[in-house]
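Visitor: Input: one structure, supplied below.
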Amino acid sequence: MKKGTRWVSAPKPRLTDECYQRENLDELTLTEIEPVFDAANILRCNNDILYQVSNTGNKLGAQWLQNFLGSEYRVHILENLYSYVHLDSTIALLREGLCLLNPDRVNEDNMPELLKSWDKIWCPEMVDIGYYGDYNHASVWVGINLLSLNENLVICDENQTELHKELYKHNIEVIPMKLRHSRTLGGSFHCTTLDIWREE
Numbered sequence: 002m003k004k005g006t007r008w009v010s011a012p013k014p015r016l017t018d019e020c021y022q023r024e025n026l027d028e029l030t031l032t033e034i035e036p037v038f039d040a041a042n043i044l045r046c047n048n049d050i051l052y053q054v055s056n057t058g059n060k061l062g063a064q065w066l067q068n069f070l071g072s073e074y075r076v077h078i079l080e081n082l083y084s085y086v087h088l089d090s091t092i093a094l095l096r097e098g099l100c101l102l103n104p105d106r107v108n109e110d111n112m113p114e115l116l117k118s119w120d121k122i123w124c125p126e127m128v129d130i131g132y133y134g135d136y137n138h139a140s141v142w143v144g145i146n147l148l149s150l151n152e153n154l155v156i157c158d159e160n161q162t163e164l165h166k167e168l169y170k171h172n173i174e175v176i177p178m179k180l181r182h183s184r185t186l187g188g189s190f191h192c193t194t195l196d197i198w199r200e201e
């Protein structure tokens, strides 16, 4: 903070009953009564922000984020992908012009405009690594949740060998690693890391 860093918090939602609709659980449960969003529903690509509208992030949340970031950034609202959390189990930005997509959630009709001209890797079927307890907090697609170290190197679940092969075809090296509890915890390598700034 002494060097000029600003610390900002989004408005804390009250999460009253009016914040949710429960009449049709096939629809999104969040209403637009107040801004609500989850960082796991956001991916940054330079000055473009992909923002997934879901059960943990509404359009008012996207509007708040755009207002806060100002004109230097553009928030792209993504709708109709799927209603749960973790955009990074649906889309992985590998390098400028190349993305990894979940074929169960993304198609030509709901493709984010920003990615339409990009080269795409359609993720092969994931190996189910299982989970502990009675309930899983992530689908098998948590295997997409890899961590890009640079344009040509990622950390990826060691069980997802078919995905490794697809990445190699696009000149991306893979460091296979084990994260046994990703479905139990609800996140994998991208979710369990946070870097604010990377030095080359």
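By our numbering, the letter at position 192 of the sequence shown is numbered 193, and the numbering carries on one by one without gaps. Quick reminder that beta carbons are idealized off the backbone N, C-alpha and C, glycines included. Computed from a prediction, not measured in an experiment: that's the story for all the values here.
#1: So what does DSSP say about Tyr-169, is it helix, strand or coil?
#2: Taking 8 angstroms as the threshold (C-beta atoms), are Leu-51 and Pro-104 in contact?
#3: Using 8 angstroms as the threshold, is the C-beta distance between Asn-81 and Asn-111 below it?
#4: Can you round the beta-carbon distance between His-191 and Asn-146 to whole angstroms, since I take them to be within the 8 angstroms contact cut?
#5: How is the alpha helix (DSSP H) around Leu-66 delimited, first residue to last?
#6: Evaluate contact between the region 76-95 and the region 56-66, counting only Cβ atoms and requiring at least three cross-stretch pairs below 8 angstroms.
#7: Among Val-175, Leu-164, Leu-70, which residue has its Cα nearest to the Cα of Val-143?
#8: Specify, as a first and last residue, the run of the beta strand (DSSP E) that Tyr-52 falls within.
#9: Nearest-angstrom Cα distance between Gly-188 and Gln-53?
#10: At a cut-off of 7 angstroms, is Asn-172 close to the ligand COA when judged by its beta-carbon and the heavy atoms of the ligand?
#11: Keeping to the same chain, check which residues put their C-beta closer than 7 angstroms to that of Leu-31; ignore five residues upstream and five downstream.
#12: Arg-96 lies in the beta strand (DSSP E); which residues open and close that run?
#13: Put Leu-115 into one of helix, strand or coil per three-state DSSP.
#14: Starting from Leu-150, trace the beta strand (DSSP E) in both directions and tell me its first and last residue.
Guide: With the structure as the only source:
#1: On the sequence shown, position 168 is the one that residue 169 refers to. Three-state DSSP puts Tyr-169 in a helix.
#2: As a first step, residue 104 is located in the sequence shown; it is residue number 103 there, counting from the start. As a first step, residue 51 is located in the sequence shown; it is residue number 50 there, counting from the start. In this structure, the beta-carbon distance from Pro-104 to Leu-51 does not fall below 8 angstroms.
#3: Here residue 81 is taken as the residue at index 80 of the sequence shown, counted from 1. Here residue 111 is taken as the residue at index 110 of the sequence shown, counted from 1. Yes, the Cβ-Cβ distance between Asn-81 and Asn-111 is below 8 angstroms.
#4: Along the sequence shown, one-based indexing puts residue 191 at 190. Along the sequence shown, one-based indexing puts residue 146 at 145. About 5 angstroms separates the two Cβ atoms, so the contact holds.
#5: The residue given as residue 66 occupies position 65 in the sequence shown. Element bounds for Leu-66: 60-70.
#6: yes
#7: Your numbering for residue 143 matches position 142 in the sequence shown. Nearest of Val-175, Leu-164, Leu-70 to Val-143, Cα basis: Leu-164.
#8: For this step, residue 52 is matched to residue 51 along the sequence shown. Note, Tyr-52: beta strand (DSSP E), 49-53.
#9: The residue you call residue 188 lines up with position 187 of the sequence shown. The residue you call residue 53 lines up with position 52 of the sequence shown. In this structure, the CA atom of Gly-188 is about 17 angstroms from the CA atom of Gln-53.
#10: The ligand COA is not part of the structure shown, which contains no ligands of any sort.
#11: To locate residue 31, count along the sequence shown from 1; it is residue 30. Cys-20, Tyr-21, Val-37, Asn-56, Asn-59.
#12: In the sequence shown, residue 96 corresponds to position 95, counting from 1. Run containing Arg-96: 92-96, per the beta strand (DSSP E) assignment.
#13: Start at 1 with the first residue of the sequence shown, and residue 115 comes out as number 114. In the structure shown, Leu-115 sits in a helix (DSSP, three-state: H, G or I).
#14: Taking the first residue of the sequence shown as 1, we reach residue 150 at position 149. Where Leu-150 is concerned, the enclosing beta strand (DSSP E) stretches over 148-151.
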